[in-house]
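Written below as structure tokens is the structure these notes are about.
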Ligand SMILES: *[C@@H]1O[C@H](CO)[C@@H](O)[C@H](O)[C@H]1NC(C)=O
């Protein structure tokens, strides 16, 4: 007969064992760190914060391309999302008929030399400019939303886009960093804006009421902003913007005014989206839904797996909490994440070892 400990005694033993483990832990931990440090030192360049990416091939213009036919694409640049940005850029170049005509405008809030050199070494032939977005502009105007990532100042840079990029740029495609384009970006760039300041896919079946609080709807001095409009939800991660019209109409100030109201009264729950809806909802040009298959990151709270909506797709967007690179790394990817993986330029240490 094997000895069995009575319940209280066995839990005491477990307690003692865990205590012993905790006492040993600092030692174990420091050994592991040293080992990793040595291993990384051999494989990686001495820049631990910025991941190492493979060099993308050179993408050349097709014969039909006119060299002065520029396509301006604006994105934000943040070391946390760099892997996403790299994948997005690759996807755009890969599906473009005229990849050399695409000019990238990157907005960042902090100058990170490593990030800049990372882009240069990953895309040696890329036309790009980097601009500083002064996050002081929004610091006093951001109120807490339902997801912390939405409260980052850089998330608001799209509101200031028209004022940041050079005046000679008249139209811009703004794109988030958690998406891939699987069609020629020229088609999106060329949409007819029909005299509107902004074009984006619209979703009129979404319950628009839910984007604002009861306080907002019960106060006519605020909710009358929508009088005479039929506002629909649109996602601000994919937008074609007539930045010239934006500047002339000073839409930046119009959105800032609502951000000030929000700071005092809490009229919505999300971050940079509601100011867009307030100022432009119901007054934009609709774009085919194929250009923003969004929500692939799941909802804002749990990031559950989502499947694709039916219909043709030109752009896949992992908006929501889950990001494909994190889910792939955690070895618990959603099915849709395998559509992002082919654009991943991240060189993991195991891959480096194999090469
Ligand atoms: C839209 O949402 C509001 C607030 O949550 C709710 O009162 C209303 O019934 C909803 N409308 C529809 C058509 O579902």
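Numbering (mature numbering (1 follows the signal peptide of the UniProt record, and there is no 0)), first residue to last: -30 to -1, 1 to 325. Note that the Cβ used here is the ideal one computed from N, Cα and C, for glycine as well. Nothing here was measured: the structure is a model prediction, and the numbers come from that model.
Closer than 7 Å: residue i CB and nearest ligand 1 heavy atom
i           : result
residue 177 : yes
residue 180 : yes
Straight-line Cα distance separating residue j from residue i
i           : j           : result
residue 95  : residue 125 : 27 Å
residue 85  : residue 53  : 11 Å
residue 295 : residue 121 : 21 Å
residue 130 : residue 143 : 14 Å
residue 80  : residue 182 : 32 Å
residue 223 : residue 104 : 16 Å
residue 185 : residue 301 : 43 Å
residue 91  : residue 195 : 48 Å
residue 110 : residue 35  : 45 Å
residue 51  : residue 201 : 31 Å
residue 69  : residue 172 : 28 Å
residue 89  : residue 197 : 46 Å
residue 28  : residue 63  : 9 Å
residue 330 : residue 30  : It is not possible to answer for residue 330, since the shown part of the chain is limited to -30 through 325.
residue 65  : residue 189 : 48 Å
residue 311 : residue 235 : 42 Å
residue 123 : residue 237 : 19 Å
residue 254 : residue 187 : 22 Å
Per-residue DSSP class, three states only, for residue i
i           : result
residue 34  : coil
residue 146 : coil
residue 175 : coil
residue 102 : strand
residue 168 : strand
residue 264 : coil
residue 71  : helix
residue 119 : helix
residue 198 : coil
residue 76  : strand
residue 248 : helix
residue 65  : helix
residue 181 : helix
residue 238 : coil
residue 141 : strand
residue 205 : coil
residue 44  : strand
residue 125 : helix
residue 219 : helix
residue 95  : coil
residue 212 : strand
Proximity of residue i and residue j at Cβ, strictly below 8 Å
i           : j           : result
residue 75  : residue 44  : yes
residue 154 : residue 67  : yes
residue 225 : residue 246 : yes
residue 41  : residue 72  : yes
residue 282 : residue 260 : yes
residue 215 : residue 139 : no
residue 147 : residue 55  : yes
residue 128 : residue 49  : no
residue 309 : residue 286 : yes
residue 315 : residue 57  : yes
residue 265 : residue 290 : yes
residue 23  : residue 317 : yes
residue 249 : residue 169 : no
residue 278 : residue 306 : yes
residue 100 : residue 78  : yes
Status (buried if at least 16 other CB within 10 Å, exposed otherwise) for residue i
i           : result
residue 207 : buried
residue 262 : buried
residue 280 : exposed
residue 212 : buried
residue 61  : buried
residue 46  : buried
residue 118 : exposed
residue 7   : In this prediction, residue 7 has a pLDDT of 35, which is less than 50 and means its spatial position is unreliable; what the coordinates show is noted afterwards. Under this definition residue 7 is an exposed residue.
residue 2   : Residue placement at residue 2 cannot be trusted, given a pLDDT of 35 that sits under 50; what the coordinates show is reported in the next sentence. Exposed, because fewer than 16 other Cβ atoms sit within 10 Å of the Cβ of residue 2.
residue 175 : exposed
residue 205 : buried
residue 220 : exposed
residue -4  : Here residue -4 scores only 37 on pLDDT, less than 50, and its place in the model should not be relied on; the value that follows carries that caveat. Per the 10 Å Cβ criterion, exposed.
residue 218 : exposed
residue 102 : exposed
residue 132 : buried
residue 232 : buried
residue 288 : buried
residue -21 : Residue confidence for residue -21 is low, a pLDDT of 48 falling below 50, so the modelled location carries little weight; the figure read from the coordinates is stated next. The residue in question, residue -21, is exposed, as its Cβ has fewer than 16 Cβ neighbours within 10 Å.
residue 199 : exposed
residue 251 : buried
residue 267 : buried
Residue i CB to nearest heavy atom of ligand 2 below 7 Å
i           : result
residue 202 : The model on display carries ligand 1 but not ligand 2.
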